[in-house]
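This report concerns only the one structure given below.
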Amino acid sequence: MFKHTFSYIIKILLRSRQLVFWSLVFPVIIGLLFKLALGNISNAGKFEPIPVSLSSEIEKEGDFYFPIFLDNMEDEGVFKITEAADDALLKDKKVVAHIISPDKVEVNSPSIESSIVESLLNQYLGYREAAIRVMRDFPNTDISKLLERQSLIEDVSGREMNMFNTYAYTLVGMQSLYGYAWGLTIIYLYQANLSVKARRNAIAPTKKSVVIFAATLAAWLMNMAVMAVNLLVMRFILNVGFGDRLIPVLGLVALSALTGVAFGIFLGVSNRRPIETKIGLGIVLTMTMSFLAGMMFAQMKILIQRNAPIINQLNPVALVTDALYSLYFYPGLERYWLNMTFLGAITIALLAGSTFFMERKNYVNL
Amino acid sequence: MSIFKYYFRIAWQRRTALIIYAVVFLVMATLFSMNDTPAGDYSSVRVPIYLVDESETKTSKALVDFLSKEAELKSINAWQAEDELFYGTVDAIITIPKDFASTRKVLYQSAPKSSNGFLVHNKIEQFVGKINFYQSAGYTEEESIANTLEDLGVTVEVSLAKKSDIAKYRGLVAYFNFLNYPLLSQILLIVSTIMAIFNRETILNRHSIAPVTDAFKTMQLFTGHILLSLVLWLAYSALAGVYFKATFLSKTHLLLSLNSFVLMACIVAMAIALTKLVTNENAIGSAVNVIALASSFLSGAFVPRFLLGNTALALGRIFPSFYYVENNERLLTDPDIYAILPNLGIMIGISAILLILSMFVKPKAGKA
Numbered sequence: 000m001f002k003h004t005f006s007y008i009i010k011i012l013l014r015s016r017q018l019v020f021w022s023l024v025f026p027v028i029i030g031l032l033f034k035l036a037l038g039n040i041s042n043a044g045k046f047e048p049i050p051v052s053l054s055s056e057i058e059k060e061g062d063f064y065f066p067i068f069l070d071n072m073e074d075e076g077v078f079k080i081t082e083a084a085d086d087a088l089l090k091d092k093k094v095v096a097h098i099i100s101p102d103k104v105e106v107n108s109p110s111i112e113s114s115i116v117e118s119l120l121n122q123y124l125g126y127r128e129a130a131i132r133v134m135r136d137f138p139n140t141d142i143s144k145l146l147e148r149q150s151l152i153e154d155v156s157g158r159e160m161n162m163f164n165t166y167a168y169t170l171v172g173m174q175s176l177y178g179y180a181w182g183l184t185i186i187y188l189y190q191a192n193l194s195v196k197a198r199r200n201a202i203a204p205t206k207k208s209v210v211i212f213a214a215t216l217a218a219w220l221m222n223m224a225v226m227a228v229n230l231l232v233m234r235f236i237l238n239v240g241f242g243d244r245l246i247p248v249l250g251l252v253a254l255s256a257l258t259g260v261a262f263g264i265f266l267g268v269s270n271r272r273p274i275e276t277k278i279g280l281g282i283v284l285t286m287t288m289s290f291l292a293g294m295m296f297a298q299m300k301i302l303i304q305r306n307a308p309i310i311n312q313l314n315p316v317a318l319v320t321d322a323l324y325s326l327y328f329y330p331g332l333e334r335y336w337l338n339m340t341f342l343g344a345i346t347i348a349l350l351a352g353s354t355f356f357m358e359r360k361n362y363v364n365l
Numbered sequence: 000m001s002i003f004k005y006y007f008r009i010a011w012q013r014r015t016a017l018i019i020y021a022v023v024f025l026v027m028a029t030l031f032s033m034n035d036t037p038a039g040d041y042s043s044v045r046v047p048i049y050l051v052d053e054s055e056t057k058t059s060k061a062l063v064d065f066l067s068k069e070a071e072l073k074s075i076n077a078w079q080a081e082d083e084l085f086y087g088t089v090d091a092i093i094t095i096p097k098d099f100a101s102t103r104k105v106l107y108q109s110a111p112k113s114s115n116g117f118l119v120h121n122k123i124e125q126f127v128g129k130i131n132f133y134q135s136a137g138y139t140e141e142e143s144i145a146n147t148l149e150d151l152g153v154t155v156e157v158s159l160a161k162k163s164d165i166a167k168y169r170g171l172v173a174y175f176n177f178l179n180y181p182l183l184s185q186i187l188l189i190v191s192t193i194m195a196i197f198n199r200e201t202i203l204n205r206h207s208i209a210p211v212t213d214a215f216k217t218m219q220l221f222t223g224h225i226l227l228s229l230v231l232w233l234a235y236s237a238l239a240g241v242y243f244k245a246t247f248l249s250k251t252h253l254l255l256s257l258n259s260f261v262l263m264a265c266i267v268a269m270a271i272a273l274t275k276l277v278t279n280e281n282a283i284g285s286a287v288n289v290i291a292l293a294s295s296f297l298s299g300a301f302v303p304r305f306l307l308g309n310t311a312l313a314l315g316r317i318f319p320s321f322y323y324v325e326n327n328e329r330l331l332t333d334p335d336i337y338a339i340l341p342n343l344g345i346m347i348g349i350s351a352i353l354l355i356l357s358m359f360v361k362p363k364a365g366k367a
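So the protein lines, in turn, are chains B and Z.
When we follow numbering that gives the first Met the number 0, the leftmost residue of the first sequence carries the number 0, and every step to the right adds one.
When we follow numbering that gives the first Met the number 0, the leftmost residue of the second sequence carries the number 0, and every step to the right adds one.
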């Protein structure tokens, strides 16, 4: 009976083109959209030489060291300097700042680039003051020796950070929960108070627990298969990094696929709303959880982590996202296992809740 | 007017989805409203950083004081710091190690080649470098700190080429940009769901024998679409007034509202066209999600346009949202009706084309 039900459910699910399309193709479409929209995100905010214009009157200021300082900045790739009679280039937004004198600069708007220009000029002015002070207090000091640059900062930055990955991880989480559609479909075939087909199946001489177990297993396998395909698309077409630990990734796929199916079963048996409402509710809840996990605004997950971490621990999409992120970013597996534990607990709770609604039901009429 | 009456009854039954989309938007709107900063003169950007002082010497304490003025120190858990750095909510992690007094080295972590990180890096160099400079010249630690702090008072005078209201309206524009998503999702979802129900074979058959003309039925449905969309638009416009009191009824705010009104009309036309193509009630939710997400991502409603590649921007042009977001961005620098007229024209043109096309496409009757 188990084998029979299992194979028939697989056939039914595979024949449901709409289900296959939306569980498999929809996340792939969204993934491609992400790639198109966020492909440049890792290059955003990277430092580029800052275009500045320099007043041609600057030499009249009589500060001998200032042009040397600016030349150094240009040689180090910090500034890209153009000489200009006035601030026309600034007004045309061709440069970020127009340097009028060592202590006077004009900018278009407050920005990170204009702040860097300001900070570097402040640094110059500060050292000018310092040199005057030292020459006054210790006239025999060799200032050029004091100005020799020493390394004051040790850069201990870790590996390359690609924000696009985090968006892709939320997509994996979203896809796992979209598996609710598989769960909803199978439960409408076996829970007698939900559909005509289920009523027919309910009076068949089969053990309900066996057929529901077989159907759940089939739905789980289907969800795992579409997730695996999407993961391959992400890895090899969209170039998403998942780290090099394949087994934990597969473990996460397996568990999250079951969470999605369990979510669908729970949605199906926990209330008597029409199927259209349940489908709509499933989509809306999945999208909301994806939003909270950072699918539309990556920092949302961090904001929740800071202010209400319990929401992330109860949100399966956030847990999948975080587990994939931890596999990519951290060498250890502690955080991965923590996420797996929470995800496992949610899955068990959904399955236990569904069993509660399904078990030992006697119907006076249907 | 039974169709009209039933229209709102169905819409009410779908309220859960509407409310959830609205709640998602409310969360975002709250975040945008935090950006409701008054316009003013130039001020330097304060980069968010996470700072740990393990040394606790006079110099390290002075550095912490300095950075607390020059940057935005985030008080977060140590274990969260790396996540915050990855997600860009802090731009650098600065550790002043225990042996700072002897090594004079600060540990620094940031995203590779980050501009924000560069600024923090420079600020640290400015401060620690200056103290080293004074100490090498022969001053004591206390004198070096005092001199450095005094030098920091000598600053460059930064002026704005043109007084700008950009900072004042940035949050408001972000609000209206994101509004694209809930308006699209909610109007498309409700209109297409209702139309799918009215296009059910059984209901179509019943309607065909009712003593009401087709034109009157269409008019009732159309009035329902417009009224429902208007209610949503008015609610979000009122919310914008609540969140952004400082700019409410300003020219920019009114023009942003006008732009969103035209978008709303365009979405109604899109929804009507969609119902002619997607008649399966189960497929509507997914179709709405694809359109709403694609449109929002490719138009720059979710992420700033400078992050989008050329292909994304070229593809985005097929969506009315693209012209809507472009108008919002234009209004940030040029709050003038003439600046947004061409794109308003394009949105109205797209709506007209969609409505004309939907008149010629007869939907396939759906099964209940």
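We treat Cβ as the ideally placed atom computed from N, Cα and C, and that holds for glycine.
Item: Minimum Cβ-Cβ distance from B/Ile185 to chain Z less than 8 Å; Value: no
Item: 8 Å Cβ cutoff, B/Met339 in contact with chain Z; Value: no
Item: Chain B contact for Z/Pro319 (CB, 8 Å cutoff); Value: no
Item: From Z/Tyr242, Z/Met194 and Z/His206, residue whose alpha carbon lies closest to that of Z/Leu276; Value: Z/Met194
Item: Chain B contact residues for Z/Gln125, given Cβ-Cβ distances below 8 Å; Value: Ser118, Asn121, Gln122 and Gly125
Item: For Z/Glu124: DSSP bridge partner residues; Value: In DSSP, Z/Glu124 forms no bridge with anything.
Item: Any C-beta of chain B under 8 Å from that of Z/Arg199; Value: no
Item: Inter-residue Cα distance where the pair is Z/Ala110 and B/Asp85; Value: 36 Å
Item: Member of B/Val106, B/Gly76 and B/Thr340 whose CA lies at the smallest distance from the CA of B/Leu88; Value: B/Val106
Item: Where Z/Ala38 falls, given that 16 or more other Cβ within 10 Å makes a residue buried; Value: The predicted position of Z/Ala38 is uncertain, since its pLDDT is 49 and thus under 50; a value taken from the coordinates is nonetheless stated next. Exposed, because fewer than 16 other Cβ atoms sit within 10 Å of the Cβ of Z/Ala38.
Item: Exposed unless 16 or more other CB atoms sit within 10 angstroms - verdict on B/Leu245; Value: exposed
Item: Alpha-carbon spacing of B/Asn161 relative to Z/Ile186, whole angstroms; Value: 34 Å
Item: Chain B contact for Z/Asn327 (CB, 8 Å cutoff); Value: no
Item: The beta strand (DSSP E) enclosing B/Ile57, as first and last residue numbers; Value: Neither: B/Ile57 is in no beta strand (DSSP E) and is coded neither H nor E.
Item: Residue(s) in a DSSP beta bridge with Z/Asp52; Value: Z/Ile95
Item: C-alpha gap between B/Gln304 and Z/Gly348, whole angstroms; Value: 44 Å
Item: Limits of the unbroken alpha helix (DSSP H) element including B/Asp154; Value: First-last for B/Asp154: Ile152 to Asp154, but that is the beta strand (DSSP E), not the alpha helix (DSSP H).
Item: Buried versus exposed, by CB contacts within 10 Å (16 or more), Z/Ile353; Value: The displayed chain sequence assigns Leu, not Ile, to residue 353 of chain Z. Under this definition Z/Leu353 is a buried residue.
Item: Cβ contact check for the stretch 172-184 of chain Z and the stretch 279-296 of chain Z: 3 or more pairs under 8 Å; Value: yes
Item: Inside the stretch 136-172 of chain Z only - alpha helix (DSSP H) runs reaching at least 4 residues; Value: 140-150
Item: B/Arg305 at chain Z interface by Cβ criterion, 8 Å; Value: yes
Item: Amino acids of chain Z, ordered along the chain, whose beta-carbon sits closer than 7 Å to that of B/Arg132; Value: Asn146
Item: Z/Trp232 beta carbon less than 8 Å from that of Z/Met269; Value: no
Item: Rounded C-alpha distance that separates B/Ile98 from B/Ile111; Value: 16 Å
Item: Per-residue DSSP class, three states only, for Z/Pro181; Value: helix
Item: Residues that B/Gly369 contacts on chain Z, provided the C-beta gap is smaller than 8 Å; Value: The question about residue 369 of chain B has no answer, for chain B in this structure spans 0 to 365.
Item: Sub-8 Å separation of B/Ile57 and B/Phe68 beta-carbons; Value: no
Item: Nearest candidate by alpha-carbon position, reference B/Gln298, set Z/Ala10, Z/Asp82 and Z/Gly308; Value: Z/Asp82
Item: Residues bridged to Z/Val26 (per DSSP); Value: According to DSSP, which records beta bridges pairwise, Z/Val26 is partnered with nothing at all.
Item: Nearest residue (CA-CA) to B/Val252, options B/Gln174, B/Ser108, B/Phe265 and B/Leu302; Value: B/Gln174
Item: Where Z/Thr88 meets chain B, residues with beta-carbon distance less than 7 Å; Value: Gln298 and Ile301
Item: Reference B/Gly352; option with closest CA among B/Arg16, B/Gly267 and B/Tyr324; Value: B/Gly267
Item: Whether B/Pro315 touches B/Leu124 by CB criterion (8 Å); Value: no
Item: Alpha helix (DSSP H) segment containing B/Ile99, residue limits; Value: First-last for B/Ile99: Ala96 to Ser100, but that is the beta strand (DSSP E), not the alpha helix (DSSP H).
Item: Alpha-carbon to alpha-carbon, Z/Val289 and Z/Phe301; Value: 14 Å
Item: Contacts of Z/Val155 in chain C (Cβ-Cβ under 8 Å); Value: Structure shown: chain C not included; protein chains present are B and Z.
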